[in-house]
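Residue numbers (the UniProt record's numbering): 1 to 618.
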């Protein structure tokens, strides 16, 4: 799988494009009028490995101060290019283009009015008139960029599409693509080529689908602009890293992407090592055969909990898997177990014991083939895991409702295996290549499809990696896309180098939640903050998480300013948005229901709002 070929875009002394390494960048969260603070934070980003620094410029005065920041960085010996981030203000974009090497504009609000998210109707004449106004304003901006040698990023966000675009395309990936193409056609007509594109969303599936669709549309129209990848409002901590890895990693593994940013609600320099590591683990595989197109069919995948390191199945192990004593016991077996919201549907164990007797019937126990007879003493529904070569040689069906057939090498995916699986339709295929790789999984899935093998498929990933940061990014980047595309029935992580026996289960849950196919806990989305942020975002995220983390069915957004709310909050159930002067606006969906709540009262006010809406559970 080759990296997509693109133009080369010059940004100061660096280039973005397929002939160059994927460039890592970040964005300041300091006040743009505070030159010293901006310079110091930019230096921290640069020294962490950032190759481009973005700065917000909400107005003309901030755009003008970019010159002071630029001059001071150069005086201190730093030549890293700067990029201005513009919303709602074409005049600020024009001013910024005179002082920095790149300007990002948002098609949703560069010329179009702020979205009202109401269903509006445009006649063909009205729509055409708006497009002509767009062309006029954007061309004037490009003329200045050409004069000063300034590159442009057309940065389209899912949550900030204009009413005009949504009137015809909806708030969809197709709408994101058309909003972007409108501007790209102007660039092409004006022969302005120093353009980079981004299509972002806090929903990994929307982001991935939009980028794939844009690439197809650009190919149809003969365009080859480079791509910037990112998941907006990814959040912070492990959740933010995994969500970013699922979205960005899926596309990098497909050869898409020329520059990336991991948007975390943390200090911006902390984004750089994550992005660099993600870049490293998504190196392209040189496969002889390109994976074929696949259509997904699994919307609610299962998890296999690998507890093979456990020597004794006791109550503590079961509690760790969220199995607890049921309210009613069994007249024969006594106390039985019932699963909680986070309990896995399947368990793989090499230790056998009476606790298996107490599991709910809905839980599948998987054991090595040689242990099946003993396992049936404790759980009559236990099923065997067998190597594909041994499976083909079996002369009679194995006792049990199913059998797990493990494929470690693609060479065993042949007509003989296909015939055997055709006769045993309940058998579950376990794909477990020696090195977990998105490209290999897709290649194996393509071979299964070519041979007409329709059995359910679970992907297993085994890594003997002791660095949990590297492990989690690897698994999320290489496996997340399979679930975004609904291609497989289940996920089985074997984290051999991590002492925590439950780590693989929790990581599986985080990957599936980031892919939008399961919900195990409250989902918090939060922007990384920038010079527009109107309060202490990191402290606010911590407070909101502490107060609402137990509400496992909800998605709550914490945003720094009105630019990121309501639009950028996407499909969040509730929003907590900075309004300035120590005030917070509260949203239910895209509707602002409480205005200018004092920050010290905002957590309690949001709690009351959630209760009034019937979404609270203690």
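Even glycine gets a Cβ: it sits at the ideal position worked out from N, Cα and C.
- Between residue 551 and residue 615, the C-beta spacing is below 8 Å.
- In this structure, residue 457 lies near residue 448, with their beta-carbon atoms less than 8 Å apart.
- Per DSSP, reduced to three states, the secondary structure at residue 360 is coil, with no helix or strand assignment.
- Closest option to residue 247, judged by alpha-carbon separation, among 4, 204, 318, 391: 204.
- The residues 33, in chain order, have a CB closer than 8 Å to that of residue 61 in the same chain once the five nearest residues on each side in sequence are set aside.
- Note that the C-beta distance between residue 263 and residue 528 is below 8 Å.
- Residue 313 sits in coil when the DSSP states are folded into three classes, being neither helix nor strand.
- Excluding the 5 residues flanking it on each side, residue 68 has same chain C-beta neighbours closer than 8 Å at 35, in chain order.
- Comparing alpha carbon positions, the residue from 420, 408, 415 closest to residue 430 is 408.
- Per DSSP, residue 274 has no beta-bridge partner at all.
- Our two residues, residue 181 and residue 218, have alpha carbons roughly 8 Å apart in a direct line.
- Contact check between the region 310–318 and the region 269–283: fewer than three CB pairs, one atom from each, fall below 8 Å, which does not count as touching.
- Less than 8 Å divides the Cβ of residue 525 from the Cβ of residue 202.
- Between the C-alpha atoms of residue 294 and residue 343 there is a straight-line separation of about 30 Å.
- The alpha-carbon of residue 493 is positioned some 5 Å away from that of residue 504.
- Annotation for residue 592: the continuous beta strand (DSSP E) segment containing it runs 591–598.
- Beyond the five residues adjoining it in sequence on each side, residue 206 comes within less than 7 Å, by CB distance, of 158, 173 in the same chain, given in chain order.
- By the neighbour-count criterion, in which 16 or more other beta carbons inside 10 Å mark a residue as buried, residue 258 falls on the buried side.
- With contacts defined as CB atoms closer than 8 Å, residue 583 and residue 572 fail to qualify as a contacting pair.
- Out of 469, 461, 473, 487, the CA that lies nearest to the CA of residue 495 is found in 461.
- Looking from the CA of residue 439, the closest CA among 317, 213, 318, 250 belongs to 250.
- With 16 or more other Cβ atoms from the protein chains shown falling within 10 Å of its own Cβ, residue 99 counts as buried.
- DSSP places residue 489 in the coil class of the three-state scheme, outside both helix and strand.
- Rounded to whole angstroms, residue 93 and residue 234 show a C-alpha spacing of 26 Å.
- In the DSSP secondary-structure assignment, residue 248 is not bridged to any residue.
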